[in-house]
Amino acid sequence: VLCCSQDFDFFYFVQQWPGAYCDTKHSCCYPKNGKPAADFSIHGLWPNYKDGSWPSNCDPDSVFDKSQIEEVIGNMEKDWPSLSCPSSNNLRFWSHEWEKHGTCSESELDQREYFETALKLKQKANLLNILHDAGIKADDGFYSLKRIKEAIKKGLGFTPGIECNVDSRHNSQLYQVYVCVDSSGSDFIECPILPKSKCDSQIQFPKF
Ligand code: 5GP
Ligand code: 5GP
Ligand code: 5GP
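And the structure:
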């Protein structure tokens, strides 16, 4: 039944901070149902190899099928909104993520399981709470990269990868948080390899 599935070693579960997606010179666009909550949202669940490379677009015959996520559409809209412009289109974002990344973990998770797994991981890794408990808030303040990493390591049990981007004033800021998940999608694990970080040592946590 499973065509073209490729093996992979682990997942990166990637969450984005909407404030950092939106305050760059490209700006952002909100979904039809309005401005998303001021919380981290899902970017994707990405199969990866231990050497840092990754498979993509593994099964051209497996197209995105909205009916598979009908039951969780409310949670998808809340936790996995698209913020891209010119017109934010959630279904297009989810379809892109399924076709590029999800099709590479079909040996482990079918489409329904893939999206439900990501939603579950979002509940388990409540980054905003974890950071808040460490006194790190989305208040436009600057925080040391080390402090952010250590707070997440303490709250989640595992060291995250942090990706930064730059805002329109060229400040380095907290954009995405990568945590690693075993290939069944059930548990967080220590990352076999962390993504390259291009953050300054002090980074801004922008308001949203
Ligand atoms: P960027 O150039 O913005 O870093 O990444 C562009 C796209 O490449 C991402 O949206 C994602 O689909 C993919 N990508 C980037 N880095 C990684 C990675 O470390 N692992 C995987 N699996 N995909 C990645
Ligand atoms: P970079 O210049 O950062 O190495 O990669 C540029 C782009 O190439 C990334 O945004 C990503 O889309 C793609 N890329 C880099 N490494 C890989 C890989 O191992 N697999 C795939 N599918 N794409 C990659
Ligand atoms: P990736 O290929 O890196 O997994 O996903 C990035 C693609 O998804 C890009 O084509 C980007 O335009 C689209 N996209 C749609 N909505 C969003 C969003 O809210 N955040 C990010 N990072 N990419 C989005």
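According to mature numbering (1 follows the signal peptide of the UniProt record, and there is no 0), the stretch in the sequence shown is residues -5 to -1, 1 to 203, in order.
Where is the CB? At the ideal position from N, CA and C, for every residue including glycine.
- Not a single heavy atom of ligand 3 lies less than 6 Å from the C-beta of PHE3.
- The three-state reading of DSSP puts TYR25 in coil, since its state is none of H, G, I, E or B.
- For ASN121, there is no enclosing beta strand (DSSP E), since its DSSP letter is neither H nor E.
- The residue from ALA120, SER163, ALA133 with its alpha-carbon nearest to that of ILE147 is ALA120.
- DSSP, read as helix, strand or coil, puts SER102 in coil.
- The chain-ordered list of residues whose CB is nearer than 5 Å to some heavy atom of ligand 1 reads TRP41, ASN43, TRP49, PRO190.
- Under the DSSP definition of a beta bridge, PHE183 partners with VAL176.
- No Cβ-Cβ contact shorter than 7 Å links LEU40 with ALA133.
- Cα atoms of ASN85 and ASP195: separation of roughly 31 Å, rounded to the nearest angstrom.
- VAL161 carries a strand assignment under DSSP once its states are collapsed to helix, strand and coil.
- C-alpha of ASP182 to C-alpha of LEU122: approximately 16 Å in a straight line.
- By the Cβ neighbour-count rule, ASN28 is exposed, with fewer than 16 other Cβ atoms within 10 Å of its own.
- VAL174 sits buried, since 16 or more C-beta atoms from the chains shown fall within 10 Å of its C-beta.
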